[in-house]
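Protein chains: 2
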Amino acid sequence: MSVKPFTDLSKMCVHTITTKPWNLVEAARHFSAAGVKGITVWRDALTGREIAESRRLITDYGLEIVSLCRGGFFPSVDATKRKAAIADNRKVIEEAQALGAPLIVLVCGSDPAQPLETSRQQIAEGIAAILPDAVAAGVKLAIEPLHPMYADSRSAINTLAQANDMAMEIRSPNLGVAVDVYHLWWDPALEGEISRCGENECLFAFHICDWNTPTVDILNDRAIMGEGCIPVRKIRGWVEAAGFRGFNEVEIFSTKYWQADQSQYLQKIIQAYKENS
Amino acid sequence: MSVKPFTDLSKMCVHTITTKPWNLVEAARHFSAAGVKGITVWRDALTGREIAESRRLITDYGLEIVSLCRGGFFPSVDATKRKAAIADNRKVIEEAQALGAPLIVLVCGSDPAQPLETSRQQIAEGIAAILPDAVAAGVKLAIEPLHPMYADSRSAINTLAQANDMAMEIRSPNLGVAVDVYHLWWDPALEGEISRCGENECLFAFHICDWNTPTVDILNDRAIMGEGCIPVRKIRGWVEAAGFRGFNEVEIFSTKYWQADQSQYLQKIIQAYKENS
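Going line by line, the protein sequences match chains H and F. In terms of this note's numbering, the first sequence opens at residue 1 and continues consecutively. In terms of this note's numbering, the second sequence opens at residue 1001 and continues consecutively.
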């Protein structure tokens, strides 16, 4: 299979957390100046400003808002916390609507104090509870399976098969999945499950970055595409073969790069996007 | 399902690496004095002494040698290194035979410089190459699937399904799998795959420890059973339902506990073995 390199940035999106030291204004200005076309906004980037103003600011820079990160974190042994999580997710839906973000990425959550099966059940219940709000707001939700190393406390959904199963069970045009190469690259079933997303028309987002060897921090040691061992372009080929035509979202958590000059870092990302994605 | 707690240590084994600060003599003496019945020997514990002498030393303490850790690390982009790995694995087989260890655990390896599929192919080739030597030596080999967070450089075999598939494809009474709760607890297919091991009579080893939240080091931050979120006893129930009657091997890599008083640590492990395994 031959997947062509990108020759332009028309389908490139960057997450605000990727350049975490920048506030929303700085991120929008720099992304726009660099020719990046899409932005995914993390909730923390919205603080201190009316959402309508953030929306205007971003669109004035000619950027398309790809998604809002993140909803989820439904499970808890504590029923009060589960209720609070659902209320918070309804707030995220309102924020997405106000921002004009068509999609919310769900980091589903997990509670180490209870069995994974219980957390999975609570995730399904949480999604079912907020889905009508998402439909009413015209916002989509994407279940993002997280790497199994996050199964204890961040997500009990750890393979694309699980995410697909859950999306198909709840079933709604407003519910799909997000494929992040960092979380899923190791899975021998990945190509087949991406193809299944295509059949079910539930592939809503595609996130890219790379895996460092060695990985010195379980959370914040992600690499730029091409620096690690993930076959990003090959996986993009599967995603495109499944009919995906959306943005390629660069989502990198990196203590190392957050300490670097963010403009130079963004240029490095753009180069890697063209050469290794 | 109700799985009974252990009332004695007759099926308890400890890996020498669990109490890494102790040399082989110290480990054997302390394990024996504490009532532990089995020992799994890591190769580094064999240095500086004739293997026959290590064997005598261990058996004089009344300990049963459960397995030798570890063979494997077959894949490499470099053919010379692949050849060297096979030669080294033949040496491990000789060592196991000399030691009287009936089993070698295989940490299969992975090379981030090549696709996972290539690494998997090289693992199958490596095992096929050394299997006749293992048969001739009367030693068994266990494919140990490693957590997906080690897919880049430690093992391209990351689920029990993959290990079972490979064992079934190569097929020999001397080839089976090792189930380690740390690597596999998150997998929704685990119970079914353990049951499949039973049908295929290929479940050769069972390793236990626990998962810390948060995990601060990707390699050496494992917990004692009961300290984390892994349902160790539940998984032991599946393993026993699959017909496994071997040792329950405590294998903990922990920078934290390696710095502690090893005798107190061993007592803590024994208590956890009874209460939480």
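Note that beta-carbon positions come from the ideal geometry of N, C-alpha and C, so glycine has one too.
Should residue i be flagged as near chain H, meaning a C-beta pair shorter than 8 angstroms?
{"i": "H1147 (chain F)", "result": "yes"}
{"i": "A1151 (chain F)", "result": "yes"}
{"i": "G1121 (chain F)", "result": "Note on residue identity: the sequence assigns Gln, not Gly, to residue 1121 (chain F). Chain H, which has no Cβ nearer than 8 angstroms to the Cβ of Q1121 (chain F), makes this no."}
{"i": "F1160 (chain F)", "result": "For the sequence presented, residue 1160 (chain F) should be read as Leu rather than Phe. Chain H contact via Cβ: absent."}
{"i": "P1075 (chain F)", "result": "no"}
{"i": "C1229 (chain F)", "result": "yes"}
{"i": "P1005 (chain F)", "result": "no"}
{"i": "P1112 (chain F)", "result": "yes"}
{"i": "P1132 (chain F)", "result": "no"}
{"i": "P1021 (chain F)", "result": "no"}
{"i": "L1116 (chain F)", "result": "yes"}
Would residue i and residue j be called neighbours here (beta carbons separated by less than 8 angstroms)?
{"i": "T86 (chain H)", "j": "I104 (chain H)", "result": "Sequence inspection shows Ile at residue 86 (chain H); the Thr mentioned does not correspond to that position. For I86 (chain H) and I104 (chain H), no; Cβs fall outside 8 angstroms."}
{"i": "V179 (chain H)", "j": "F206 (chain H)", "result": "yes"}
{"i": "V1177 (chain F)", "j": "L1146 (chain F)", "result": "no"}
{"i": "V77 (chain H)", "j": "Q114 (chain H)", "result": "yes"}
{"i": "L141 (chain H)", "j": "L160 (chain H)", "result": "no"}
{"i": "R1055 (chain F)", "j": "L1099 (chain F)", "result": "yes"}
{"i": "K11 (chain H)", "j": "N248 (chain H)", "result": "yes"}
{"i": "A124 (chain H)", "j": "M166 (chain H)", "result": "yes"}
{"i": "I1235 (chain F)", "j": "Y1182 (chain F)", "result": "no"}
{"i": "K274 (chain H)", "j": "F6 (chain H)", "result": "yes"}
{"i": "R233 (chain H)", "j": "S277 (chain H)", "result": "yes"}
{"i": "L1009 (chain F)", "j": "V1036 (chain F)", "result": "yes"}
{"i": "W1258 (chain F)", "j": "P1021 (chain F)", "result": "yes"}
{"i": "C1209 (chain F)", "j": "I1252 (chain F)", "result": "yes"}
{"i": "G126 (chain H)", "j": "N164 (chain H)", "result": "no"}
If I'm right that residue i touches residue j with Cβ under 8 angstroms, what's the distance once you round it to whole angstroms?
{"i": "M149 (chain H)", "j": "M1149 (chain F)", "result": "4 angstroms"}
{"i": "D152 (chain H)", "j": "S110 (chain H)", "result": "6 angstroms"}
{"i": "L1116 (chain F)", "j": "W186 (chain H)", "result": "7 angstroms"}
{"i": "A34 (chain H)", "j": "L190 (chain H)", "result": "Not really, about 30 angstroms apart at Cβ, beyond 8 angstroms."}
{"i": "A1027 (chain F)", "j": "T1019 (chain F)", "result": "6 angstroms"}
{"i": "P75 (chain H)", "j": "S119 (chain H)", "result": "4 angstroms"}
{"i": "S1172 (chain F)", "j": "V1216 (chain F)", "result": "S1172 (chain F) to V1216 (chain F), Cβ: 40 angstroms. No contact."}
{"i": "I218 (chain H)", "j": "I1269 (chain F)", "result": "Contact doesn't hold; Cβ gap of about 24 angstroms is too wide."}
Leaving out five residues on either side along the sequence, give the residues of the same chain with a beta carbon under 6 angstroms from the beta carbon of residue i.
{"i": "A1242 (chain F)", "result": "I1194, S1195, C1197, G1198, L1203"}
{"i": "V41 (chain H)", "result": "T16, L68"}
Any beta-carbon of chain F closer than 8 angstroms to the one on residue i?
{"i": "W238 (chain H)", "result": "no"}
{"i": "P188 (chain H)", "result": "yes"}
{"i": "T213 (chain H)", "result": "yes"}
{"i": "I218 (chain H)", "result": "yes"}
{"i": "L57 (chain H)", "result": "no"}
{"i": "P173 (chain H)", "result": "no"}
{"i": "P102 (chain H)", "result": "no"}
{"i": "L141 (chain H)", "result": "no"}
Only counting the same chain, and skipping five residues up and downstream in sequence, which positions put a Cβ closer than 7 angstroms to that of residue i?
{"i": "F1031 (chain F)", "result": "V1014, I1039, L1063"}
{"i": "I1051 (chain F)", "result": "E1095, A1098, L1099"}
{"i": "P112 (chain H)", "result": "D152, S153"}
{"i": "F244 (chain H)", "result": "L203, F206"}
{"i": "A1272 (chain F)", "result": "I1224, M1225, G1226"}
{"i": "Y1061 (chain F)", "result": "A1028, R1029, S1032"}
What does a CB cutoff of less than 8 angstroms around residue i pick up in its chain, not counting 5 residues either side in sequence?
{"i": "V139 (chain H)", "result": "I93, A96, Q97, A101, P102, L103, I104, N174"}
{"i": "K1256 (chain F)", "result": "D1221"}
{"i": "E169 (chain H)", "result": "A124"}
{"i": "L1131 (chain F)", "result": "L1141, I1170, S1172, N1174, L1175"}
{"i": "T1287 (chain F)", "result": "Lying before the first or after the last residue shown, residue 1287 (chain F) is absent from chain F, which here runs from 1001 to 1277."}
{"i": "Q162 (chain H)", "result": "R120, P145"}
{"i": "T1213 (chain F)", "result": "G1228, C1229"}
{"i": "A137 (chain H)", "result": "I93, E94, A96, Q97"}
Is there a Cβ from chain B that is less than 8 angstroms from the Cβ of residue i?
{"i": "R1029 (chain F)", "result": "Although the question refers to chain B, the structure presented lacks it and instead comprises the protein chains H and F."}
_Pairs of beta-carbons, one from the stretch 215–223 of chain H and one from the stretch 186–198 of chain H, closer than 8 angstroms: are there three or more?_
With the cut-off at 8 angstroms, the stretch 215–223 of chain H and the stretch 186–198 of chain H do not touch.
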